[in-house]
Amino acid sequence: MSWKPKVLVTGGAGFLGSHLCEKLLKEHYDVICVDNFYTGSKVNIEHLLKDPYFELIRHDITFPLYVEVDEIYNLACPASPIHYQNDPVQTTKVNVHGSINMLGLAKRTKAKILQASTSEVYGDPEVHPQPESYRGNVNPLGPRACYDEGKRCAETLFFDYHRQHGVKIKVARIFNTYGPRMHPNDGRVVSNFILQALRGEPLTIYGDGSQTRSFCYVDDLIDGLYRLMKTPDSFTGPVNLGNPEEVSILELAELILELTGSKSEIKFLPLPTDDPKQRCPDITLAKKVLEWEPKVQLREGLKKTIDYFEYCLRAEWCHLGI
Ligand code: NAD
Ligand code: UDP
65 MSWKPKVLVT GGAGFLGSHL CEKLLKEHYD VICVDNFYTG SKVNIEHLLK DPYFELIRHD
125 ITFPLYVEVD EIYNLACPAS PIHYQNDPVQ TTKVNVHGSI NMLGLAKRTK AKILQASTSE
185 VYGDPEVHPQ PESYRGNVNP LGPRACYDEG KRCAETLFFD YHRQHGVKIK VARIFNTYGP
245 RMHPNDGRVV SNFILQALRG EPLTIYGDGS QTRSFCYVDD LIDGLYRLMK TPDSFTGPVN
305 LGNPEEVSIL ELAELILELT GSKSEIKFLP LPTDDPKQRC PDITLAKKVL EWEPKVQLRE
365 GLKKTIDYFE YCLRAEWCHL GI
């Protein structure tokens with residue numbers, strides 16, 4: 065086997081992590097995937113296990129990890145409200161203890177480390193679209209705080225390790241991303257609506273559906289993360305990665321009904337606490353520094369995601385809750 069740079073992907077068996085592992089193998093990296101399978105699944109990386117340059121380690125990053133690597137992508141953290149609110153203390157722990165452990169690893173090995181941060185650091189934003197300079201409007205006491213404040217604290221840790229110890233950091237603020245391998249039961253809007261439409265069940269809109277999000281297809285997002293890691297050491301971010309095409313949740317529901325040809329009805333349910341009213345990235349910085357912008361249109365990305373969930377339903381994974 066020839067020498068290749070070694071990269072660690074934490075949360076590598078999750079939705080984004082599994083696509084990232086695939087991309088890094090294609091780009092000739094030696095990939096170590098670390099995951100405790102809290103929300104991720106072996107099914108997501110099964111096809112990579114036979115690759116001699118792919119290694120899977122079951123490990124919880126809130127405990128120290130000793131490996132030798134050149135680059136680290138830190139993605140380990142439950143990402144959907146249902147999952148991160150299921151054990152909120154663990155969610156804060158993975159962001160704080162987990163980040164400290166991974167930053168300590170980066171410090172010892174002199175590896176570059178990229179943090180998968182989130183648009184949730186902006187909370188329910190009062191500035192629209194959100195540039196990186198906006199400091200956010202987060203409720204530190206609400207049910208989303210374990211995730212939002214956890215991710216904010218992780219960013220603080222990244223910048224302190226950078227200033228105090230000279231660790232080479234990159235911080236990506238990821239906006240809503242969708243695509244194949246989203247968890248079928250994570251309650252996120254795209255997976256919920258597609259599964260409801262395919263099963264002929266009512267599409268559950270929380271609130272009146274006027275709240276907006278902007279959805280980025282997974283391939284575009286992974287390309288953005290990869291480009292960010294490749295930037296010169298002087299560039300730390302934070303940088304927004306997301307699709308600036310904004311849609312209301314009602315428009316999304318109607319589009320999914322059209323694309324699936326489903327006759328499902330729409331059912332309006334109460335809006336969850338602290339649900340942001342609008343969200344859209346200002347990607348000026350990513351365009352300039354990474355020469356990156358999303359290429360996949362919502363319609364096109366949704367079709368691929370619908371194909372995936374049709375396959376998944378046939379395989380009955382959804383019923384098994386994997
Ligand atoms: P996901 O839940 O599919 O993946 C997270 C992975 O981390 C899972 O495989 C899970 O088992 C693993 N994990 C959780 N806790 C762990 C621990 N203590 N030790 C080891 N592994 C652990 O979620 P995703 O959508 O792929 O998100 C990946 C990252 O991107 C997360 O950090 C998330 O906050 C961030 N992000 C995602 C989105 C999005 O829209 N998908 C948006 C913003 C930020
Ligand atoms: N949402 C909805 N119906 C669902 C799931 C979500 O109307 O079945 C709404 C949710 O209230 C939010 C938006 O869709 O306004 C996006 O929710 P998601 O959980 O996907 O992501 P986040 O709130 O973290 O952006």
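Count along the sequence shown from 1, then add 64; that gives the number in the numbering used here.
Glycine included, each C-beta is placed from N, C-alpha and C at the ideal position.
Which listed residue (the options) has its alpha carbon closest to that of residue i
i      : options                           : result
GLN149 : PRO207, ARG252 and SER66          : PRO207
LEU354 : CYS141, ALA236, GLU190 and VAL231 : ALA236
PHE127 : THR156, PRO145, ILE96 and MET166  : MET166
ALA307 : PRO193, CYS97 and HIS83           : The residue you asked about is not Ala; residue 307 is Asn in the sequence shown. It is PRO193.
GLU219 : PRO204, ILE164 and LEU319         : ILE164
LYS232 : PHE222, ILE238 and THR241         : PHE222
SER255 : GLY365, GLN154 and ILE125         : GLY365
CYS280 : PHE299, GLY264, PRO266 and ASN304 : ASN304
ALA317 : LEU262, VAL360 and ARG245         : LEU262
ASN100 : PRO302, GLY200 and CYS141         : CYS141
VAL153 : GLY288, ILE258 and GLU213         : GLU213
SER66  : HIS83, HIS92, ILE238 and ASP287   : HIS92
LYS367 : PRO244, TYR198, PRO266 and THR300 : PRO244
TRP88  : VAL73, TYR102 and LEU205          : Note that residue 88 corresponds to Leu in the displayed sequence, not to Trp. Selected option, being the one with the closest Cα: VAL73.
GLY264 : GLY273, TYR225 and GLU322         : GLU322
ASP134 : ILE125, LYS68 and HIS83           : LYS68
GLU315 : GLY78, PRO145, LYS90 and GLN275   : GLN275
GLU81  : ILE313, ASN138, PRO266 and HIS226 : Residue identity differs from the one stated: residue 81 is Gly in this sequence, not Glu. The option with the nearest alpha carbon to GLY81 is ASN138.
SER298 : HIS226, ILE286 and ASP287         : HIS226
ASP151 : THR173, TYR242 and TYR102         : TYR102
ILE136 : ARG378, GLN260 and LYS70          : LYS70
ILE55  : GLN342, ILE286 and LYS294         : An answer regarding residue 55 cannot be provided, because it is not within the stretch 65 to 386 covered by the chain.
ASP346 : LEU292, GLU309 and TYR375         : GLU309
Sequence-distant residues of its chain with Cβ nearer than 7 Å to residue i (five each side left out)
i      : result
ILE386 : The predicted position of ILE386 is uncertain, since its pLDDT is 44 and thus under 50; a value taken from the coordinates is nonetheless stated next. Cβ within range, chain order: SER105 and VAL107.
LEU129 : VAL98, HIS123, ASN165 and LEU169
PHE79  : ARG245, MET246 and HIS247
LYS351 : GLU357
VAL131 : LEU72 and ILE96
ILE146 : ASP250 and GLY251
GLU115 : Note on residue identity: the sequence assigns Asp, not Glu, to residue 115. Counting only Cβ-Cβ distances below 7 Å, and skipping sequence neighbours, we find LEU89.
Other residues of its chain near residue i: CB distance less than 8 Å, five sequence neighbours each side excluded
i      : result
LEU384 : Low local confidence applies: a pLDDT of 49 at LEU384 is under 50, so the model's placement there is unreliable, and no value is given.
LEU319 : VAL311, LEU362, ARG363 and LEU366
CYS85  : VAL73, GLY76, VAL95, CYS97, ILE109, LEU112 and PHE118
THR155 : CYS141, PRO142, TYR148, GLN149, CYS210, TYR211 and GLY214
ILE258 : ILE320, THR324, LEU366, THR369, ILE370 and PHE373
PRO334 : TYR270 and GLY271
ASN201 : TYR186, GLY187, ASP188, PRO189 and GLU190
Same chain only: Cβ atoms within 6 Å of residue i, ignoring 5 sequence neighbours per side
i      : result
VAL360 : TYR281 and ASP284
ARG216 : VAL185
PHE332 : ILE269
PRO302 : GLU196, VAL235 and ARG237
LYS171 : HIS229 and VAL231
ARG277 : ASN240 and ARG343
ARG291 : LEU354 and TRP356
DSSP beta-bridge partners of residue i
i      : result
VAL71  : VAL95 and GLU135
PRO345 : GLN194
Item to check | Completely contained alpha helix (DSSP H) runs for the stretch 230-273, where each covers 4 or more residues | outcome: 253-263
Checklist entry - Does the stretch 335-355 come close enough to the stretch 244-260 to have 3 or more Cβ pairs within less than 8 Å? => result no
Checklist entry - In the stretch 73-140, which residue ranges form an unbroken alpha helix (DSSP H) of at least 4 residues, counting only runs that do not cross its ends? => result 79-90
Checklist entry - Mind pulling the beta strand (DSSP E) runs of 3 or more residues that sit fully within the stretch 176-240? => result 176-182 and 233-238
Checklist entry - Three or more C-beta pairs closer than 8 Å, one from the stretch 180-194 and one from the stretch 153-162: is that the case here? => result no
Checklist entry - Contact between the stretch 323-336 and the stretch 170-186: three or more CB pairs below 8 Å? => result no
Next on the checklist: For a minimum of 4 consecutive residues, which ranges assigned as the alpha helix (DSSP H) are wholly contained in the stretch 351-378?
Outcome noted: 362-378
Next on the checklist: In chain order, what are the residue ranges of uninterrupted alpha helix (DSSP H) at least 4 long that sit wholly in the stretch 273-307?
Outcome noted: 282-293
Item to check | Uninterrupted beta strand (DSSP E) stretches inside the stretch 301-341 (no shorter than 3 residues) | outcome: 303-305, 310-312 and 330-333
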